[in-house]
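Visitor: First the structure, which I've put down as structure tokens, then a few questions once you've had a look.
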Amino acid sequence: MTEARTAEKSPPLRAADAGPLVTPGRSQPLGATPDATGVNFSLFSEHATRVELLLFDHCDDLAPSHVVRLDKQSHRSYHFWHCHVAGVGPGQVYAYRVDGPHHTKESGTRFNPRKVLLDPYARANVNTLWDRVRAIGQEDNCAYSMRSMVVDLNSYDWEGDEPLRTPLAESVIYEMHVGGLTSSPTADVTHPGTFSGVIEKIPYLKELGVTAVELLPVFDFDERQLLRTGPSGAPLHNYWGYDPFGFFAPHTAYCSDACQCTHITEFRDMVKALHKAGIEVILDVVFNHTSEGNEHGPTISFRGQANEVYYHLWPQDRRHYMDFTGCGNAINANHPAVAKFIIECLEYWVTEHHVDGFRFDLASELSRGSEGYEMDVPPVLWGIELSGVLSESKIIAEPWDGGGLYQVGRFPGKRWSQWNGPYRDDVRRFVRGDAGLVGTVATRIGGSRDLFAKDGELPTNSINFITCHDGFTLNDLVSYNHKHNHANGESGADGTHENFSWNCGVEGPTDAEDVERLRIRQIKNLAAILLISRGVPMILAGDEFRNTQHGNNNAYCQSNETSWLNWEQADKETEVRSFFREAIALRKRHPALRDVRFFSGRRNERDLPDVTWHGTKLEQPGWEDTDARVLSFTLAGFDGAPDLHVILNMYHLGLDFDLPHIPGHRWHRILNTALGEGEDVLRPGAEHPVHGHTFHAHGRSVVVLTALPHDGGISR
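Throughout the sequence shown, residue numbering follows the numbering used here, covering 7 to 722 in sequence.
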């Protein structure tokens with residue numbers, strides 16, 4: 007309180023002596039760019055009338071030591087305000103004040119010189135003094151503002167590192183939260199909840215066999231934002247990070263010491279270490295909205311510099327924000343200046359930080375034009391697809407938004423992979439035991455031809471997933487019939503209502519051994535189907551050891567043990583963890599599971615079609631049977647790869663399935679979800695031979711057989 011009162015009475019900010027230290031500088035590149043003699047600063051603000059650059063000696067100084075007032079005649083080039091300041095360099099703390107018209111209703115401008123603003127292109131920010139409430143209204147908030155920092159991008163030793171370029175068909179993605187991976191004391195790391203903490207878990211990730219980590223947002227966001235108080239009285243904060251303000255800056259809280267300007271180094275150390283382990287880094291990016299919210303939210307950056315450019319505003323009354331995101335505002339992504347910002351941001355993370363790809367949150371919002379309508383050819387999305395810098399980067403869309411735009415299978419462009427929501431829902435329902443889905447599930451396993459093939463796309467355009475950060479964990483999917491979100495403080499109204507889940511007979515935790523065994527089998531069934539499907543599989547972190555959120559299917563505000571991974575659970579659940587590891591390895595061994603083509607009827611050297619569909623009887627898959635809960639299929643191996651036969655029995659009783667005859671070969675079991683650890687997935691050389699013409703599959707089980715050469719007798 008004493009510091010706050012002192013700050014409020016601080017003397018007016020003094021102007022720096024312009025002198026020879028400040029020269030006009032250059033309009034490009036935007037942001038703060040150090041050189042041999044100083045730093046070039048450049049800011050986009052089309053309608054500003056006055057811009058001040060504030061320079062602070064330390065990140066927690068209440069007032070700047072120098073104020074550089076930019077002159078319209080010498081420091082402005084069209085839309086850009088710029089200057090070069092000699093004698094400063096990396097580590098310099100800075101911010102802006104921007105003045106101009108405040109015509110909210112007519113033009114949407116919201117200039118307010120009393121608010122201290124971040125640089126949208128800042129490579130690092132600090133928030134030691136940040137008070138979100140003081141960024142709202144008309145009060146001067148200099149002493150409570152966030153600030154940006156100048157960063158040297160050229161002194162890091164990459165040791166020859168570069169993006170890995172793993173083909174999509176070879177990828178197994180692991181979606182994880184940087185903080186949640188190691189925040190729990192059970193993680194036993196030196197720097198919990200940080201980029202450095204991730205490095206300590208790389209041996210585990212490598213052993214699991216994943217090829218990429220998809221990191222929930224690491225762009226700077228306000229983790230201190232108080233959303234509400236939970237039923238227990240505990241404050242609830244922004245945990246997931248889908249509310250950014252610093253798009254070029256690694257999240258401050260994921261660094262071990264923000265004031266030491268280690269943001270870039272710590273992020274790069276993580277990327278380099280992951281690459282050495284053969285693991286790609288995909289960033290979950292949020293270009294659909296910002297942390298500034300609606301007209302009642304804080305002024306952090308964009309609103310105070312070019313509100314009318316960065317956001318969708320209602321044409322009739324531009325005081326109000328269009329909201330296609332459920333977060334208060336929506337970014338006007340197809341304005342030329344904003345499209346430039348987005349594409350330059352992505353290219354920056356690839357060129358300067360060796361990031362391998364991006365997953366775009368609510369990506370359909372980026373296909374909306376200036377008045378909010380869907381565009382046939384959205385410039386920003388095509389700009390991303392056609393960028394030479396991004397040509398080898400993975401680009402993944404969440405192909406819907408909060409305004410009702412749903413583009414699964416019709417997302418603009420050709421190269422985009424898409425989160426396949428229908429895959430998630432159809433496989434969940436099938437494994438739950440819903441009848442009459444075998445034709446649909448066959449389509450999903452084959453790469454969702456119905457969604458992607460019509461425009462010449464491929465199975466790799468489909469990101470297949472059963473669970474993700476948004477919804478039940480895999481363990482909770484088989485343990486709860488209903489969401490249990492009361493801890494979120496929204497009276498259980500938040501989160502999706504239809505989860506296609508089944509609790510296996512008991513809601514929540516139980517000591518009943520039969521229920522627990524069934525849950526483990528169901529987890530294996532879901533994982534097995536995911537890993538034998540064509541397309542790109544994505545696994546939610548912790549699913550491989552039955553991580554639970556206790557039935558909370560929307561834990562966006564639970565920055566606590568609800569969301570943090572419990573590594574004691576990983577040590578306990580060895581059976582499920584082993585199954586995931588071996589099933590991933592099995593996928594990598596068998597090319598038929600990773601083929602980049604849709605099934606076409608083409609035949610291999612033994613004249614076998616690439617796929618043949620069955621039920622319990624050969625070539626009788628029961629497409630029209632509304633009671634069907636079973637499906638089996640034979641995959642032909644090409645170029646000497648072995649043939650596979652898959653049995654999916656989601657009926658509650660065991661059934662006998664006929665096996666096809668492959669001349670000169672005998673079927674061997676390599677996966678059976680009904681068996682225990684060590685027998686459920688068999689490594690090469692341990693395959694179990696099958697005798698006879700049929701295979702008895704337990705109720706609610708997945709079986710995979712492989713055809714191996716056999717020298718004598720009838721091969722069945």
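Cβ atoms here follow ideal geometry from the backbone N, Cα and C, with glycine treated the same way.
Exposed or buried, what is S507 when buried is set at 16 or more other beta-carbons lying within 10 Å of its beta-carbon?
Guide: buried
Visitor: Any contact of the stretch 426-442 with the stretch 603-618, i.e. 3+ C-beta pairs under 8 Å?
Guide: Counting Cβ pairs under 8 Å, fewer than three are found: no touch.
Visitor: Return helix, strand or coil for P615, following the three-state DSSP convention.
Guide: Strand.
Visitor: What whole-angstrom Cβ distance do R552 and E579 have, given they're in contact under 8 Å?
Guide: 5 Å
Visitor: Along the chain, where does the beta strand (DSSP E) containing G37 start, and where does it finish?
Guide: 37-40
Visitor: How should L392 be labelled, buried or exposed, when 16 other C-beta atoms within 10 angstroms of its C-beta is the threshold for buried?
Guide: Exposed, since its Cβ has fewer than 16 Cβ neighbours within 10 Å.
Visitor: So E519 and P169 are in contact, right, with Cβ under 8 Å, and what is the actual spacing, rounded?
Guide: No, E519 and P169 are not in contact; Cβ-Cβ is about 47 Å, not under 8 Å.
Visitor: State the DSSP-derived secondary structure class of E314, mapped to helix, strand or coil.
Guide: E314 falls in the helix class under three-state DSSP.
Visitor: How is S154 classed by DSSP in three states: helix, strand or coil?
Guide: strand
Visitor: Go through its chain and collect everything with a Cβ distance to V708's Cβ below 6 Å, but skip five positions before and after it.
Guide: The answer, listed in chain order, is N531, A534, L654, T679.
Visitor: Is it right to say E6 is buried, meaning 16 or more other beta carbons lie within 10 angstroms of its own, or is it exposed?
Guide: No answer is possible for residue 6: it lies beyond the span of the chain, which begins at 7 and ends at 722.
Visitor: How about V224 and E206: are their beta carbons less than 8 Å apart?
Guide: no
Visitor: For K420, is the classification buried or exposed, using 16 other Cβ atoms within 10 angstroms of its Cβ as the cut-off for buried?
Guide: exposed
Visitor: Following the continuous alpha helix (DSSP H) through S584, name the residue where it begins and the one where it ends.
Guide: 580-595
Visitor: Taking contact to mean at least 3 C-beta pairs separated by less than 8 Å, is the stretch 510-529 in contact with the stretch 561-568?
Guide: The answer is no - the stretch 561-568 does not touch the stretch 510-529, with fewer than three Cβ pairs under 8 Å.
Visitor: In terms of alpha-carbon separation, which member of N118, H53, L124, G299 lies closest to L59?
Guide: Comparing Cα-Cα distances from L59 to each of N118, H53, L124, G299, the minimum goes to L124.
Visitor: Give a yes or no on whether the minimum CB-CB distance between G203 and chain D is below 8 Å.
Guide: Among the chains in the structure shown there is no chain D, since it carries only a single protein chain.
Visitor: Apart from the five residues just before and just after V94, which ones in its own chain have a Cβ nearer than 6 Å to its Cβ?
Guide: Take V94, set aside five residues on each side of it, and the residues of its chain with a beta-carbon closer than 6 Å to its own are G44, V45, in chain order.
Visitor: Measure the CB-CB distance between D226 and G252 and report whether it falls below 8 Å.
Guide: yes
Visitor: On the criterion of 16 or more Cβ atoms from any shown chain inside 10 Å, does Y248 qualify as buried, or is it exposed?
Guide: With 16 or more other Cβ atoms inside 10 Å of its own Cβ, Y248 counts as buried.
Visitor: Can you tell which of G199, G646, H699 has the C-alpha that lies nearest to the C-alpha of R672?
Guide: H699
Visitor: Measuring alpha carbon to alpha carbon, tell me which residue in H359, Y354, E377, F308 is nearest D329.
Guide: Answer by Cα proximity: E377.
Visitor: Is DSSP giving S5 helix, strand or coil here?
Guide: Limits of the chain in this structure are 7 at one end and 722 at the other, which puts residue 5 out of reach.
Visitor: Pick from G284, T618, P465, G541: whose alpha carbon is nearest that of T172?
Guide: G284
Visitor: I'd like the list of long-range same chain contacts for H81, defined as Cβ closer than 7 Å, with 5 residues on each side in sequence excluded.
Guide: P30, W87, H88, C89
Visitor: Indicate the three-state DSSP secondary structure (helix, strand or coil) for L711 in the structure shown.
Guide: strand
Visitor: Check the C-beta distance from L36 over to V57 and give it rounded, since I have them as a contact under 8 Å.
Guide: Contact between L36 and V57 does not hold, since their C-beta atoms are separated by about 13 Å, which reaches or exceeds 8 Å.
Visitor: Using CA coordinates, which residue listed in P209, P321, V184 is at the minimum distance from F201?
Guide: Considering only alpha carbons, the answer is V184.
Visitor: Check whether the stretch 132-142 touches the stretch 174-190, taking contact to mean three or more Cβ pairs, one atom from each stretch, closer than 8 Å.
Guide: no
Visitor: Report the residue from Y379, D407, F347, D382 whose alpha carbon sits nearest the alpha carbon of A369.
Guide: D407
Visitor: From the DSSP output, which residues share a beta bridge with A218?
Guide: DSSP output for A218 lists I179, E286 as bridge partner(s).
Visitor: Is DSSP giving C351 helix, strand or coil here?
Guide: In this structure, C351 counts as helix in the three-state DSSP scheme.
Visitor: May I ask which residues mark the beginning and end of the beta strand (DSSP E) holding K400?
Guide: From DSSP, the beta strand (DSSP E) with K400 extends over 400-403.
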